[in-house]
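In my numbering, the protein residues as written are 80 to 503. Ideal Cβ positions, reconstructed from N, Cα and C, are used throughout, including at glycine. Keep in mind it's a predicted model, so treat the numbers as computed, not measured. Comments concern the structure below.
Following this line, the structure appears as structure tokens:
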């Protein structure tokens, strides 16, 4: 598949979506066994064709400097044998999950004898927009097809050659198992205007899923004419309660903040009960010191930690994605909950406490997609939740919330079985 630079974008996007729609109808009837066989065969083919993938990846790496990628971004772009093995293993893991399509969610028999079945069905066509990591190409294709959905993949230009090599292999194997090649298509133009064209095609595309920076997600949300599964930001909090084990609180806060900075489930804010602040904050600052984490605290925090920087109002709502954390000292759990609900992005919050009543109050009143008790915010992840690979984390309340695995890419319909029933 060649990169299409000179295209009539309106026609190209329309025809791509039309092919995906037609493929989705066929895919809805493909057996779970066929999809699993495709995933396993694709995993083997990715390993066998490493050299082909590596050659394509070299083209992307050679082009990386002109896109202004950082060393870290270039490293994420690089595909080694080990990383391709990892991509293949992810496909094999997805194959192990139960096929949701056709599963009965609920069933009942009405007094008149009608049998009412609520059955899982695919969403249809997914338009998935993501940034440069080529492993996401394989993950998204696998999750969508496994859940019975055709997918249009619009990856970043930085990984276009690598993604094309991966998709070509997946398409070739798909045909062998009765899956239409058009069930997984990679947008072959790097023109950003193509995204806008696809987002207008709500009669053909059932859902858009953006995965990347806040700017990308906001653009998709503003322009999409179909539903969007998304989260804008990950301003996650850890609350250290007055009944917390302080050593545990240090470990959880450190892991939540420092395990990986640039991810959406990293903690950006720390809230501390005033009863333990004077003991806990120096311990926390000592743990943060080797990582050079900057603490931006309120007035009471700065009085306890002379090294802390005075926080602004903006700091409490910021997703830093780096070694900075805001700190707020509160008088009680009610103030902690109010502060978190005001500044949170609705992603992930954690309470550290040995009080059952405090944990129950926190989990009931915090309005986020995942609420942890005595656990790191970093656990809000499809793999950690046992969902397998995820296509993203949603902070919406409709249609999916939290890590979006295979089941989140399904809807349902009612199948009603009668025996000549007519309504009186």
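Quick one: grab the DSSP three-state call for residue i.
i	result
residue 216	helix
residue 503	coil
residue 244	helix
residue 277	helix
residue 331	helix
residue 91	helix
residue 361	helix
residue 163	helix
residue 314	coil
residue 307	strand
residue 445	coil
residue 481	strand
residue 428	strand
residue 347	strand
residue 288	strand
residue 183	strand
residue 264	strand
residue 489	strand
residue 81	Its pLDDT being 44, under 50, residue 81 is placed unreliably in this model, and the value from its coordinates should be taken loosely. Residue 81: coil per DSSP, three-state reduction.
residue 157	coil
residue 373	strand
residue 494	strand
residue 209	strand
Rounded to a whole number of angstroms, what is the C-alpha to C-alpha distance between residue i and residue j?
i	j	result
residue 499	residue 493	18 Å
residue 196	residue 490	14 Å
residue 166	residue 352	43 Å
residue 153	residue 270	21 Å
residue 473	residue 501	42 Å
residue 185	residue 199	10 Å
residue 589	residue 127	The displayed coordinates of the chain run from 80 to 503. Any statement about residue 589 would go beyond what the structure contains.
residue 441	residue 177	34 Å
residue 160	residue 483	28 Å
residue 318	residue 347	12 Å
residue 190	residue 495	14 Å
residue 88	residue 378	55 Å
residue 187	residue 174	31 Å
residue 263	residue 363	48 Å
residue 212	residue 105	29 Å
residue 488	residue 107	13 Å
residue 457	residue 258	36 Å
residue 251	residue 122	12 Å
residue 302	residue 410	43 Å
residue 383	residue 132	54 Å
residue 116	residue 256	7 Å
residue 406	residue 463	27 Å
residue 314	residue 331	16 Å
residue 163	residue 234	18 Å
residue 336	residue 345	5 Å
residue 478	residue 486	11 Å
residue 102	residue 129	28 Å
Using a 10 Å radius around the Cβ and a threshold of 16 neighbouring Cβ atoms, would you call residue i buried or exposed?
i	result
residue 202	buried
residue 114	buried
residue 229	buried
residue 80	Confidence at residue 80 is low in this model, with a pLDDT of 45, below 50, so the placement of that residue should be treated as unreliable; the coordinate-derived value is given next. Exposed: under 16 other Cβ atoms inside 10 Å.
residue 292	exposed
residue 226	buried
residue 459	buried
residue 179	buried
Looking only at C-alpha atoms, which of the options sits nearest to residue i?
i	options	result
residue 309	289, 503, 315	289
residue 136	242, 127, 188, 126	242
residue 434	414, 223, 321, 218	321
residue 194	211, 183, 313	183
residue 371	386, 306, 429	386
residue 436	116, 413, 485, 428	413
residue 400	223, 388, 90, 373	373
residue 312	334, 157, 335, 342	342
residue 125	103, 158, 143	158
residue 326	172, 101, 453	453
residue 381	408, 426, 282	408
Is it true that the CB of residue j sits closer than 8 Å to the CB of residue i?
i	j	result
residue 480	residue 455	no
residue 266	residue 99	no
residue 431	residue 273	no
residue 248	residue 277	no
residue 316	residue 438	no
residue 96	residue 295	no
residue 42	residue 470	One cannot answer for residue 42 here, as it falls past the ends of the chain, which runs 80 to 503.
residue 139	residue 238	yes
residue 244	residue 170	no
residue 446	residue 420	yes
residue 268	residue 91	yes
residue 299	residue 323	no
residue 333	residue 284	no
Return yes when the C-beta of residue i is under 7 Å from any heavy atom of the ligand SAM, and no when it is not.
i	result
residue 191	Looking for the ligand SAM in the displayed structure turns up nothing, as the structure carries no ligands at all.
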